[in-house]
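J.: Here it is: the structure, laid out below.
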Amino acid sequence: MAFRCFSSLGAGKNTLVFRQLFDCVSSTYTYLLGDATTKKCILIDPVLELARRDFQLIKELNLKLIYAVNTHMHADHITGSGHLKRLSGCKSIISKHSGAEADILVTEGDYIDFGNHKLRVLNTPGHTNGCCTFCFEEHGMAFTGDALLIRGCGRTDFQEGDAATLYNSVHQKIFALPDQTLLYPAHDYNGLTVTTVDEEKRLNPRLTKSLHDFVHIMDNLKLGYPKQIDKALPANKVCGLYNLPEELKDGLS
Numbered sequence: 039m040a041f042r043c044f045s046s047l048g049a050g051k052n053t054l055v056f057r058q059l060f061d062c063v064s065s066t067y068t069y070l071l072g073d074a075t076t077k078k079c080i081l082i083d084p085v086l087e088l089a090r091r092d093f094q095l096i097k098e099l100n101l102k103l104i105y106a107v108n109t110h111m112h113a114d115h116i117t118g119s120g121h122l123k124r125l126s127g128c129k130s131i132i133s134k135h136s137g138a139e140a141d142i143l144v145t146e147g148d149y150i151d152f153g154n155h156k157l158r159v160l161n162t163p164g165h166t167n168g169c170c171t172f173c174f175e176e177h178g179m180a181f182t183g184d185a186l187l188i189r190g191c192g193r194t195d196f197q198e199g200d201a202a203t204l205y206n207s208v209h210q211k212i213f214a215l216p217d218q219t220l221l222y223p224a225h226d227y228n229g230l231t232v233t234t235v236d237e238e239k240r241l242n243p244r245l246t247k248s249l250h251d252f253v254h255i256m257d258n259l260k261l262g263y264p265k266q267i268d269k270a271l272p273a274n275k276v277c278g279l280y281n282l283p284e285e286l287k288d289g290l291s
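Everything in the sequence shown is counted per the numbering used here, starting at 39 for the first residue and increasing by one.
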């Protein structure tokens, strides 16, 4: 289990519990955010096979999971939201533009509250229609899902992807955040954990290009068919637990 720790220097309502968790199979980051005062917490982008790991950590930290949140409807892994609902009684959250079911559907300008903290929802489509970035303004952080990766971005050649839409989402929404904002992606394939708005504005090899050049790059990546998409999408449309392939149900009861 890999995780990055952060605690604010303040006390009471200003104290944050933060863990960055990793799935080595799908290279997915799951983020645990908690309020040390009220003990309420959320998970962003949980992975099905690691839901018990995440829930165990939550119990060890004496926290209570209230929301399992997804930045978008994933195609490379099955979300752990449904299983976490059974383990903890939490509610699931996803964009109302995703086409997926959840207890709470969010869109631009909504807030996800946990104790004394809150995340602001930004719609950042392009990788999928339902991609969201969650801004944690009080701590200068944002969780970008697949819209913006570290020196990269999500692919746009399947599942409603559109390169021009993604380019505009990143430039108009994410790059509009303060330059020092810490950006936490849904994936990284090179062992990196965090970037900043300033870094990506200067160093992202795709998104520093013009819109025309970016679209050309994205249209010519020639990537393979996503290995898990045929299992992941049907499951993720219904919160990630029901209608699972039988081989994935083993060990989840």
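Ideal Cβ positions, reconstructed from N, Cα and C, are used throughout, including at glycine. Model, not experiment: these values are computed from the prediction.
Quick one: Cα of residue 147 to Cα of residue 96, how far?
T.: For residue 147 and residue 96, the distance between alpha carbons rounds to 28 Å.
J.: From what residue to what residue does the beta strand (DSSP E) around residue 179 run?
T.: Looking at the DSSP string, the run of the beta strand (DSSP E) that includes residue 179 is 179-183.
J.: In angstroms, rounded to a whole number, what distance separates the CA positions of residue 236 and residue 84?
T.: Cα-Cα distance, rounded: 28 Å.
J.: For the beta strand (DSSP E) that residue 236 lies in, which residues bound it at each end?
T.: From DSSP, residue 236 is part of no beta strand (DSSP E) but of the alpha helix (DSSP H) over 235-241.
J.: Give the DSSP-derived three-state secondary structure of residue 188 in the structure shown.
T.: Residue state, collapsed to three classes: coil.
J.: Leaving out five residues before and five after residue 125 in sequence, what residues of the same chain have Cβ atoms less than 6 Å from its Cβ?
T.: These residues qualify, in order along the chain: 93.
J.: Is the shortest distance between the beta-carbon of residue 147 and the beta-carbons of chain D less than 7 Å?
T.: The structure shown contains no chain D; it is built from a single protein chain.
J.: Just list the residues that DSSP pairs residue 223 with in beta bridges.
T.: Beta-bridge pairing links residue 223 to 183.
J.: In whole angstroms, what is the alpha-carbon distance linking residue 249 and residue 193?
T.: Approximately 15 Å between the Cα atoms of the pair.
J.: What's the gap between the Cα of residue 69 and the Cα of residue 123?
T.: Each residue's Cα considered, the two are about 17 Å apart.
J.: Please list, in chain order, all residues of the same chain as residue 209 whose beta carbon is under 8 Å from its beta carbon, the five residues on each side excluded.
T.: Excluding sequence neighbours, residue 209 sits near 245.
J.: Give, in chain order, every unbroken run of the beta strand (DSSP E) that is at least 3 residues long and sits entirely within the stretch 103-134.
T.: Entirely contained in the stretch 103-134, the beta strand (DSSP E) runs reaching 3 residues are, in chain order, 129-133.
J.: With distances taken from CA atoms, which of 174, 167 and 215 is nearest residue 199?
T.: Looking at the Cα atoms, 167 is the closest of the given residues.
J.: Is residue 160 helix, strand or coil when you go by DSSP?
T.: If DSSP states are grouped into helix, strand and coil, residue 160 belongs with the strands.
J.: Kindly list the residues whose CB is nearer than 6 Å to the CB of residue 143, restricted to its own chain and excluding five residues on each side of it in sequence; keep chain order.
T.: Taken in chain order, the residues that qualify are 134.
J.: Out of 277, 247 and 197, state which residue places its alpha-carbon closest to the alpha-carbon of residue 263.
T.: For residue 263, the nearest C-alpha among the options comes from 197.
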